[in-house]
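Enquirer: Okay, handing you the structure first.
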C-alpha cells in the first residue's frame, strides 16, 4: 500500500492488464466473427480482423431467420419490461408492509416469505411448470412472466431498505394528512428512486439473460426469447458462423448499453443483493 | 417485527386507528400492500411445491394429475445408483472446481484493484462487463470459437504454434477437457460479481487496523493480509462461498448448451429437464425436485446454525 515499491505497482498493473485482456477477449471474438465471412472465420491462418466489415451480416440475421430472431428480441424485451415492472411494484409494496405497517400476523407472514428464500426458484422449475400447465399458460407471455414475479428475495431487500428509511419524512407526511398509501407513493417512493433504480436494473439484466424458465414454458418458436433463439441457432445441424455470432452480438447490445449508462445502479444493486443474500 | 418507534411518533400512534378522513387503518393497508404479493406466493411458490409433493408419490407419465399412487417408488428409482445420483456427483465435482477457483481469483483481483489508484474504475468495469452476457452467449463463444475442436478454434490456433495437435475440447474423455471449458465460462461470467462483493468488503476495513499493525512492526504484504484482511473479510467470504455454491447447484445453461444430454457431465437440473420436459415423466421429475429442494434446505439450516448468516435481523 503506502510503502509499496515502484516494481510492486508495475507488477500489479501488469497483472491487471493481462486479466483485462482475457476478460475482453470474448467480446473481441464476437465482434470479429460477427462482421466476417465464414471463410475468414474458418481460415487456416488467424485473421486479426475481417478484411472489410460486413455490415450486411446484420440484416442477414433477420432475413435468414425469416423474422424469427426479431420476434425473439421483442419477446425478451417485453418480458424484461413486464417482469421488472411487476416485480418492483409487488415486492416494494410487500417490503413496505413488512417494514412499516403494524399487523397482528405480520411475523408469521414474514416467515412465510423468508422460507421461500431457502429454495432457489430454478430448483423447483418442475413444480412451477406443472402449475403453469394446469393453468393452460404453456406457450404464453403470462406463463413466462407471472410465476417469477413473486420474488421473496426482492421483497426482503425492499423490507431491509425501508427499515432504514428516515421515519421523520413519513411522519411529516402523516401530519399533512396522508395515509399509508399516500405516504408510500408520495414520500417514500420519490425519495428512494436510486434504490428502485438499482433493483430495476438488476431485474432487467436477470430477466434478459434467463434461460431455463423461458425454455421450459415458451416451447413454440413464437414464444422463444432471444436466449432460447441463440441456443437453437448454436445447436442447429448447419451453422452459419457469422450469423450466429452476429445474433449473439445483437443480443448483448441492450445490456451493454445498460452497463455503460447505468453501471452505478447496477453495481449498487449487485452489492445490495450480494451482501444481503 | 415492528421497528422501534420514537416517543414523538408514539404520541400520534401511527397505524392504531383511523385518524383522518380518507386514510385507512393499518390492517386494511397491510392487506392492500401485502395481499397481491402473498396471493402470488401461495399460488406460484407454495402450491406448486405441494402439488409436486403429491405427484412425486404417483406415476405421472405425460400427465400432471396424480392418478396412480406408487408410494416411494419414484424416490427409490432416483436414489438407486443411476443418472440422478450421477448428477449429484457431477455437481460435487463442479463445485469442487468452481468454488475455490472463483474465491481465490475474485479475492486476488479485488485486492489488486484495491491497491491501485489510477484507472481502478476502468479495470473494475472490464471485469464486470461479462455480467452483461448470458450463459448462452458465453457458451456460444466458448463452443464455436475459443474451444472449437477444429483448427480454427482460438485455443487450438494458439497451441498449434507450439506444435500441439488439435484438441477436441468438448468430447475428449481423458483428459476431461470439458471441465476446463465449463469452468472458464462460469469464471468469466461471475468473477466480476464476486470482485465487487470483495471490493465492498475490503473498503469497509478500517485503515487504522493496518496502521496499528505497522506500528507493531508488521510488514505490508502477506503478514497483514493473513492477520488483518482475511479475518476482517470473514462475513464477505462466507457470503461469497455460499452464493457461489448455491449458484453451482442450479447450474443448467452452460451444461445444456455445451454438452446437452451428455452422460459426461449432467448436473441435477439438466437431468430433471430431460426427465420432466424430455420424457414427460412428471412423477420422477417431481421426486427429483423434492430431493433437490430438501438438500438445499438442509444446507441452509446447517449453515444458519454455523454462521447465523441470513438470519432476519428484526
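Residue numbers (the numbering used here), protein chains in the order written: chain E, 463 to 739; chain B, 195 to 508. Yeah, the Cβ is synthetic: ideal placement off N, Cα and C, and Gly gets one too.
Which parts of the segment 622-646 of chain E are runs of the alpha helix (DSSP H), unbroken and 4 residues or longer, counting only runs that do not cross its ends?
Expert: 629-637
Enquirer: Give me the DSSP bridge partner(s) of residue 262/B.
Expert: The count along the second chain starts at 1 and reaches residue 262/B at position 68. DSSP, once it has assigned bridges, lists 253/B as partnering residue 262/B.
Enquirer: Output yes or no for whether 8 Å exceeds the beta carbon distance between residue 620/E and residue 558/E.
Expert: As a position in the first chain, residue 620/E is number 158, starting the count at 1. As a position in the first chain, residue 558/E is number 96, starting the count at 1. For residue 620/E and residue 558/E, yes; Cβs fall inside 8 Å.
Enquirer: For residue 706/E, collect the residues of the same chain with a Cβ closer than 7 Å to its Cβ; drop the 5 residues on either side in sequence, then sort them by chain order.
Expert: Start at 1 with the first residue of the first chain, and residue 706/E comes out as number 244. Here the set comprises 695, 696.
Enquirer: How about residue 718/E: is its C-beta nearer than 8 Å to some C-beta of chain B?
Expert: Here residue 718/E refers to the residue found at position 256 of the first chain. So, interface residue.
Enquirer: Within 10 angstroms of the Cβ of residue 461/B, are there 16 or more other Cβ atoms? Answer buried if so, exposed if not.
Expert: On the second chain, residue 461/B is found 267 positions in, with the first residue counted as 1. The residue is buried, with at least 16 neighbouring Cβ atoms inside 10 Å.
Enquirer: Compare the beta carbon distance of residue 592/E and residue 246/B with 8 Å and say whether it is the shorter of the two.
Expert: Here residue 592/E corresponds to residue number 130 of the first chain, with the count starting at 1. Here residue 246/B corresponds to residue number 52 of the second chain, with the count starting at 1. For residue 592/E and residue 246/B, yes; Cβs fall inside 8 Å.
Enquirer: Looking at the C-beta of residue 512/E, does it have a partner C-beta in chain B at a distance below 8 Å?
Expert: Taking the first residue of the first chain as 1, we reach residue 512/E at position 50. No, because no Cβ of chain B sits closer than 8 Å to the Cβ of residue 512/E.
Enquirer: Taking the straight line between their C-alpha atoms, what separation do you get for residue 481/B and residue 276/B?
Expert: Here residue 481/B refers to the residue found at position 287 when the second chain is read from its first residue. Here residue 276/B refers to the residue found at position 82 when the second chain is read from its first residue. Spanning the two alpha carbons is a distance of roughly 15 Å.
Enquirer: Residue 546/E touches chain B at which residues, Cβ-Cβ below 8 Å?
Expert: If you number the first chain from 1, residue 546/E lands on position 84. Those do not exist, as residue 546/E stays about 16 Å from chain B at its closest Cβ, beyond 8 Å.
Enquirer: How many angstroms separate the CA atom of residue 449/B from the CA atom of residue 714/E?
Expert: As a working mapping, residue 449/B is identified with position 255 in the second chain. As a working mapping, residue 714/E is identified with position 252 in the first chain. Across the structure, residue 449/B and residue 714/E are spaced so that their CA atoms are roughly 20 Å apart.
Enquirer: Let me check understanding here. Comparing Cα to Cα, which of 488/E, 729/E, 467/E lies closest to residue 333/B?
Expert: Here residue 333/B refers to the residue found at position 139 when the second chain is read from its first residue. Out of 488/E, 729/E, 467/E, the CA that lies nearest to the CA of residue 333/B is found in 488/E.
Enquirer: Return the residues of the segment 591-607 of chain E that lie within a Cβ-Cβ distance of less than 8 Å from chain B, sorted by chain order.
Expert: 591, 592, 593, 595, 596
Enquirer: Is there at least one Cβ from chain E nearer than 8 Å to residue 251/B's Cβ?
Expert: The residue you call residue 251/B lines up with position 57 of the second chain. For residue 251/B, the answer is no, since every Cβ of chain E falls outside 8 Å of its Cβ.
Enquirer: Tell me the rounded alpha-carbon separation between residue 688/E and residue 655/E.
Expert: Position 226 of the first chain holds residue 688/E. Position 193 of the first chain holds residue 655/E. Each residue's Cα considered, the two are about 29 Å apart.
Enquirer: Using a C-beta to C-beta distance shorter than 8 Å, which residues of chain E count as neighbours of residue 286/B?
Expert: Your numbering for residue 286/B matches position 92 in the second chain. The CB of residue 286/B never comes closer than 8 Å to any CB in chain E; the least such distance is about 16 Å.
Enquirer: Quick check on the burial criterion: 16 or more other C-beta atoms within 10 angstroms. Buried or exposed for residue 567/E?
Expert: Locating residue 567/E in the first chain gives position 105, where the first residue counts as 1. Exposed, because fewer than 16 other Cβ atoms sit within 10 Å of the Cβ of residue 567/E.
Enquirer: Go to residue 421/B, then tell me how far its alpha helix (DSSP H) extends in each direction, as first and last residue.
Expert: Locating residue 421/B in the second chain gives position 227, counting from the first residue. Neither: residue 421/B is in no alpha helix (DSSP H) and is coded neither H nor E.
Enquirer: Check whether the segment 323-343 of chain B touches the segment 253-265 of chain B, taking contact to mean three or more Cβ pairs, one atom from each stretch, closer than 8 Å.
Expert: no
Enquirer: How about residue 533/E: is its C-beta nearer than 8 Å to some C-beta of chain B?
Expert: Walking along the first chain from the start, residue 533/E turns up at place 71. Taking Cβ atoms only, chain B never reaches closer than 8 Å to residue 533/E, which makes this a no.
Enquirer: Can you check whether the C-beta of residue 242/B is within less than 8 Å of a C-beta belonging to chain E?
Expert: The sequence position of residue 242/B within the second chain is 48, counting from 1. Chain E contact via Cβ: present.
Enquirer: Given a cut-off of 8 Å, decide if residue 330/B and residue 451/B are closer than it, judged by their beta-carbon atoms.
Expert: Here residue 451/B is taken as the residue at index 257 of the second chain, counted from 1. Here residue 330/B is taken as the residue at index 136 of the second chain, counted from 1. Yes, these two residues count as a Cβ contact at 8 Å.
Enquirer: Taking just the CA atoms, how far does residue 725/E sit from residue 297/B?
Expert: As a first step, residue 297/B must be located in the second chain, where it is residue number 103. As a first step, residue 725/E must be located in the first chain, where it is residue number 263. Distance between the alpha carbons of residue 297/B and residue 725/E is about 23 Å.
Enquirer: From what residue to what residue does the alpha helix (DSSP H) around residue 590/E run?
Expert: Within the first chain, residue 590/E is the residue found at index 128, counting from 1. Start and end: 587-596.
Enquirer: Checking contacts by CB at 8 Å: is residue 767/E closer than that to chain B?
Expert: Residue 767/E cannot be examined here, being either before or after the span of chain E that is shown, 463 to 739.
Enquirer: Name the residue from 682/E, 544/E, 590/E whose alpha carbon lies nearest to the alpha carbon of residue 665/E.
Expert: Taking the first chain and counting its residues from 1, the one referred to as residue 665/E is at position 203. Here the closest residue by C-alpha is 544/E.
Enquirer: Considering only C-alpha positions, which residue in the set 350/B, 476/B, 280/B is nearest to residue 358/B?
Expert: By one-based count along the second chain, residue 358/B stands at place 164. The candidate whose alpha carbon is nearest that of residue 358/B is 350/B.
Enquirer: In the DSSP assignment, what residue or residues form a beta bridge with residue 475/B?
Expert: For the purposes of this step, residue 475/B is identified with residue 281 of the second chain, where counting begins at 1. Per DSSP, 255/B.
Enquirer: Please check if any C-beta of chain E sits within less than 8 Å of the C-beta of residue 338/B.
Expert: The sequence position of residue 338/B within the second chain is 144, counting from 1. Residue-level contact check: residue 338/B touches chain E, since one or more beta carbons of chain E fall below 8 Å from its beta carbon.
Enquirer: Quick check: is the beta carbon of residue 205/B nearer than 8 Å to any beta carbon in chain E?
Expert: Here residue 205/B is taken as the residue at index 11 of the second chain, counted from 1. Its pLDDT being 41, under 50, residue 205/B is placed unreliably by the model, and the measurement read from it follows with that caveat. Not closer than 8 Å to any Cβ of chain E, the Cβ of residue 205/B fails to qualify, so no.
Enquirer: Leaving out five residues before and five after residue 360/B in sequence, what residues of the same chain have Cβ atoms less than 7 Å from its Cβ?
Expert: Reading the second chain from its first residue, position 166 is the one you call residue 360/B. Spatial neighbours of residue 360/B in its own chain (CB-CB distance under 7 Å, excluding positions within 5 residues in sequence) are listed in chain order as 343, 344, 345, 350.
Enquirer: Sort 481/E, 564/E, 669/E by Cα distance to residue 226/B and report the nearest one.
Expert: As a position in the second chain, residue 226/B is number 32, starting the count at 1. Ranking 481/E, 564/E, 669/E by CA distance to the CA of residue 226/B puts 564/E first.
Enquirer: Helix, strand or coil for residue 459/B per DSSP?
Expert: Your numbering for residue 459/B matches position 265 in the second chain. Coil at residue 459/B, not helix or strand.
Enquirer: With a threshold of 8 Å between beta carbons, is residue 586/E in contact with chain B?
Expert: In the first chain, the residue the question calls residue 586/E occupies position 124. Closer than 8 Å: yes.
Enquirer: Output needed for residue 735/E: all residues of its chain with C-beta closer than 7 Å, excluding positions within five of it in sequence on either side, in chain order.
Expert: Residue mapping note: residue 735/E aligns to position 273 of the first chain, counting from 1. 619, 664.
Enquirer: Quick one: list the residues of chain B neighbouring residue 674/E, beta-carbon separation under 9 Å, in chain order.
Expert: Along the first chain, read from residue 1 onward, the residue named residue 674/E stands at position 212. Ordered by position in chain B, the residues that pass the 9 Å Cβ test against residue 674/E are 444, 446, 447, 450, 463, 467.
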